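Visitor: Here it is: the structure, laid out below.
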Amino acid sequence: MKQNLSTAVTMRVRNGFAELRLRLFFVMAFSAISCVLYAEDVPQKPLDVFIVAGQSNSVGFDANPAELTPDEQDSKTMFWFRCGDPPPDEFDVRSDGWMHLQTQPRGNPDTRGVQQRQYGNFHFPDGGFGPEFGFIRTLRKSAPDANLAVIKSSFSGTSLINDWDPTSQDAKGACYRALIEEVSTAVKQAEAQGYACRIRAMIWVQGESDARVDVTETYQSAILEMLASIREELDATELVGLLGVNTRFLAVDDITPGMQAVIAAQEGAAEQSEHCLYVDLDGASLANKVHFDAAGTLEIGRRYAVAWQEWLKQSQPR
35 MKQNLSTAVT
45 MRVRNGFAEL
55 RLRLFFVMAF
65 SAISCVLYAE
75 DVPQKPLDVF
85 IVAGQSNSVG
95 FDANPAELTP
105 DEQDSKTMFW
115 FRCGDPPPDE
125 FDVRSDGWMH
135 LQTQPRGNPD
145 TRGVQQRQYG
155 NFHFPDGGFG
165 PEFGFIRTLR
175 KSAPDANLAV
185 IKSSFSGTSL
195 INDWDPTSQD
205 AKGACYRALI
215 EEVSTAVKQA
225 EAQGYACRIR
235 AMIWVQGESD
245 ARVDVTETYQ
255 SAILEMLASI
265 REELDATELV
275 GLLGVNTRFL
285 AVDDITPGMQ
295 AVIAAQEGAA
305 EQSEHCLYVD
315 LDGASLANKV
325 HFDAAGTLEI
335 GRRYAVAWQE
345 WLKQSQPR
């Protein structure tokens, strides 16, 4: 009889645990479904994303951060960056996450003397900034509360043809692959924070390293191919390429024949594609025969923003 009683008690305990586990299962399942439904109901915040890319005038190599006037509006803009000297490597200056719009530090540039094209990331010990400031500050004047983000992936001294080739898996495509990696990672993190990202345009400041008298056709084809590849890989079918270059590179008082060939290529790309614009940067103040200074860097950013705003107006249905 004692054995029968013990068996009965054991069975009741087992049945109780089984019932408890079943109830817990249904509670957890209901909670999981509720979380999914809630997540689907919560609207994502729209985020307009702009890419900044190119060579040293995109980096902002000679833009002294001490000359940048503070603006409290900068804290409203999300910012992700990777820039420095080629190739993309551990010596780059990186945010490694979303921050607010700010100047970039010099970091720890490669001083080993092993690789070519090592310029120190920035000229000034405190780093520098690129056209992102002039661009965003101009947009904020008409849209002070807009959700805006900048993803910067820029490398000094680089050639469109020899460093940004989307078809190459070797060194010729290293900067392109870095850009795709940075933008993809940044967008994923923003989406995890509840944003719905729209990659709107790319501010491209480049061409000095490709300036040769015979480059027009090659450059024009290459920039259109790169933009098409970016749109496809980033699922950004409406991305607008805003193309510009330091027209006074190596001449200051003149425009060299090689630079005229690059300008013609960028203008040709804009004529060939409705999602391209040539932005004339001529006349922005220079630090030397290679780079814009701080004021010039702000000015070119402003010009890119005005070009973008004009493109938006013209693209609206009438």
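Here our numbering is used: the first residue of the sequence shown is 35, the next is one more, and so on.
Heads up, the beta-carbon is just placed ideally off N, CA and C, and yes, glycines get one too.
Fair warning: this is a prediction, and the values are worked out from it, not measured in the lab.
Between the beta-carbon of Leu-135 and the beta-carbon of Glu-166, is there less than 8 Å?
Guide: Here the question's residue 135 lines up with position 101 in the sequence shown. Here the question's residue 166 lines up with position 132 in the sequence shown. Cβ atoms of Leu-135 and Glu-166: closer than 8 Å.
Visitor: Do you know offhand how far Phe-115's Cα is from Val-340's?
Guide: The residue labelled residue 115 in the question sits at position 81 within the sequence shown. The residue labelled residue 340 in the question sits at position 306 within the sequence shown. For Phe-115 and Val-340, the distance between alpha carbons rounds to 23 Å.
Visitor: Any idea which residues DSSP pairs Lys-7 with across the strands?
Guide: Missing from the structure shown is residue 7; the chain here goes from 35 to 352 and no further.
Visitor: Beta-carbon separation of Leu-320 and Ile-334 under 8 Å?
Guide: As a first step, residue 320 must be located in the sequence shown, where it is residue number 286. As a first step, residue 334 must be located in the sequence shown, where it is residue number 300. No; because the gap between Cβ atoms is not below 8 Å, this pair is not in contact.
Visitor: State the CB to CB distance for the pair Ser-188 and Ser-92, rounded to an integer number of angstroms; the pair is presumed to be in contact (CB under 8 Å).
Guide: For the purposes of this step, residue 188 is identified with residue 154 of the sequence shown, where counting begins at 1. For the purposes of this step, residue 92 is identified with residue 58 of the sequence shown, where counting begins at 1. About 4 Å separates the two Cβ atoms, so the contact holds.
Visitor: Excluding five sequence neighbours on each side, which residues of the same chain lie with their C-beta closer than 6 Å to the C-beta of Pro-353?
Guide: Outside the displayed span of the chain (35 to 352) sits residue 353, for which this structure offers no information.
Visitor: If you check the beta carbons only, do Leu-12 and Arg-174 fall under 8 Å apart?
Guide: The chain is shown only over 35 to 352; residue 12 falls outside these bounds and no answer can be derived.
Visitor: Please name the residue or residues paired with Ser-188 in a DSSP beta bridge.
Guide: Within the sequence shown, the letter at position 154 stands for residue 188. DSSP lists Gly-88 and Cys-117 as partners of Ser-188.
Visitor: What does DSSP give as the partner residues of Val-340 in its beta bridges?
Guide: Position 306 of the sequence shown, counted from the start, is the residue given in the question as residue 340. Answer is none; Val-340 lacks a bridge partner.
Visitor: Between the region 200-212 and the region 258-269, do three or more beta carbon pairs fall short of 8 Å?
Guide: yes
Visitor: With 16 other CB atoms within 10 Å as the buried threshold, where does Ala-205 fall?
Guide: Taking the sequence shown and counting its residues from 1, the one referred to as residue 205 is at position 171. Exposed, because fewer than 16 other Cβ atoms sit within 10 Å of the Cβ of Ala-205.
Visitor: Taking the alpha-carbon of Glu-301 as reference, which of Gln-294, Tyr-312, Pro-291 and Met-293 has the nearest alpha-carbon?
Guide: Here residue 301 refers to the residue found at position 267 when the sequence shown is read from its first residue. The shortest Cα separation from Glu-301 among Gln-294, Tyr-312, Pro-291 and Met-293 belongs to Tyr-312.
Visitor: Taking the alpha carbon of Leu-346 as the point to measure from, which residue in Cys-310, Thr-331 and Glu-101 has its own alpha carbon closest?
Guide: Here residue 346 refers to the residue found at position 312 when the sequence shown is read from its first residue. The shortest Cα separation from Leu-346 among Cys-310, Thr-331 and Glu-101 belongs to Cys-310.
Visitor: Going residue by residue through the region 249-292, where are the continuous beta strand (DSSP E) segments of at least 3 residues, counting only ones entirely within it?
Guide: 274-278
Visitor: To the nearest angstrom, how far is the alpha carbon of Ser-68 from that of Arg-151?
Guide: Locating residue 68 in the sequence shown gives position 34, counting from the first residue. Locating residue 151 in the sequence shown gives position 117, counting from the first residue. For Ser-68, the predicted structure reports a pLDDT of 46, less than 50, and the residue's modelled location is therefore unreliable. The matter cannot be settled from this model.
Visitor: Check each candidate in Ala-298, His-325 and Asp-108 and name the one with the smallest Cα separation from Ser-255.
Guide: As a working note, residue 255 is residue 221 in the sequence shown. That would be Ala-298, whose Cα lies nearest to the Cα of Ser-255.
Visitor: Only counting the same chain, and skipping five residues up and downstream in sequence, which positions put a Cβ closer than 7 Å to that of Glu-242?
Guide: Working through the sequence shown from its first residue, we reach residue 242 at position 208. Result list for Glu-242: Gln-89, Val-279, Asn-280 and Phe-283, in chain order.
Visitor: Hey, quick one: how far does the beta strand (DSSP E) through Leu-320 stretch, first residue to last?
Guide: Here the question's residue 320 lines up with position 286 in the sequence shown. Segment: none, Leu-320 is in no beta strand (DSSP E) and carries neither H nor E.
Visitor: I need the boundaries of the alpha helix (DSSP H) containing Leu-173, first residue and last residue.
Guide: Residue numbering aside, residue 173 sits at position 139 when the sequence shown is read from its first letter. 166-176 is the extent of the alpha helix (DSSP H) around Leu-173.
Visitor: Apart from the five residues on each side of it in sequence, which residues of its chain come closer than 6 Å, Cβ to Cβ, to Ser-349?
Guide: Position 315 of the sequence shown, counted from the start, is the residue given in the question as residue 349. So no residue of the chain qualifies.
Visitor: Give me the residue from Ala-303, Leu-194, Ala-180 and Glu-216 with the minimum Cα distance to Lys-110.
Guide: Position 76 of the sequence shown, counted from the first residue, corresponds to residue 110. Taking only the C-alpha atoms, the option nearest Lys-110 is Ala-180.
Visitor: Under 8 Å by Cβ, that's how I've got Ile-19 and Val-83 pegged, so tell me the actual separation to the nearest angstrom.
Guide: Since the first and last residues shown for the chain are 35 and 352, residue 19 lies out of range.
Visitor: Using only the alpha-carbon positions, how far apart do Gly-161 and Thr-172 sit?
Guide: In the sequence shown, counting from the first residue as 1, residue 161 sits at position 127. In the sequence shown, counting from the first residue as 1, residue 172 sits at position 138. About 23 Å.
Visitor: Assuming Ala-245 and Gly-275 form a contact by the criterion Cβ under 8 Å, report the distance between their Cβ atoms to the nearest whole angstrom.
Guide: The sequence position of residue 245 within the sequence shown is 211, counting from 1. The sequence position of residue 275 within the sequence shown is 241, counting from 1. That belief does not hold up - the Cβ atoms of Ala-245 and Gly-275 are roughly 19 Å apart, past 8 Å.
Visitor: Are there 16 or more other CB atoms within 10 angstroms of the CB of Val-247, so buried, or fewer, so exposed?
Guide: Here residue 247 refers to the residue found at position 213 when the sequence shown is read from its first residue. Classification for Val-247: exposed.
Visitor: Can you list, in chain order, the residues of its chain whose CB lies under 6 Å from that of Val-221, leaving out five sequence neighbours each side?
Guide: Within the sequence shown, numbered from 1, the residue matching residue 221 stands at position 187. Answer for Val-221: Cys-231, listed in chain order.
Visitor: Can you tell me whether DSSP reads Gly-94 as helix, strand or coil?
Guide: Taking the sequence shown and counting its residues from 1, the one referred to as residue 94 is at position 60. Coil, per DSSP.
Visitor: Just verifying my parser: in three-state terms, what is the DSSP assignment at Tyr-210?
Guide: Within the sequence shown, numbered from 1, the residue matching residue 210 stands at position 176. In the three-state scheme derived from DSSP, where H, G and I count as helix and E and B as strand, Tyr-210 is classed as helix.
Visitor: Taking C-alpha atoms, which residue in Tyr-338, Ala-177 and Ile-85 lies nearest to Cys-117?
Guide: Reading the sequence shown from its first residue, position 83 is the one you call residue 117. Measuring from the Cα of Cys-117, the nearest candidate turns out to be Ile-85.
Visitor: Would you kindly work out how many angstroms separate the C-alpha atoms of Arg-337 and Ser-193, rounded to a whole number?
Guide: If you number the sequence shown from 1, residue 337 lands on position 303. If you number the sequence shown from 1, residue 193 lands on position 159. Roughly 23 Å between the two C-alpha positions.
Visitor: For the beta strand (DSSP E) that contains Leu-194, what are its first and last residues?
Guide: Position 160 of the sequence shown, counted from the start, is the residue given in the question as residue 194. Run containing Leu-194: none in the beta strand (DSSP E); it sits in the alpha helix (DSSP H), 194-197.
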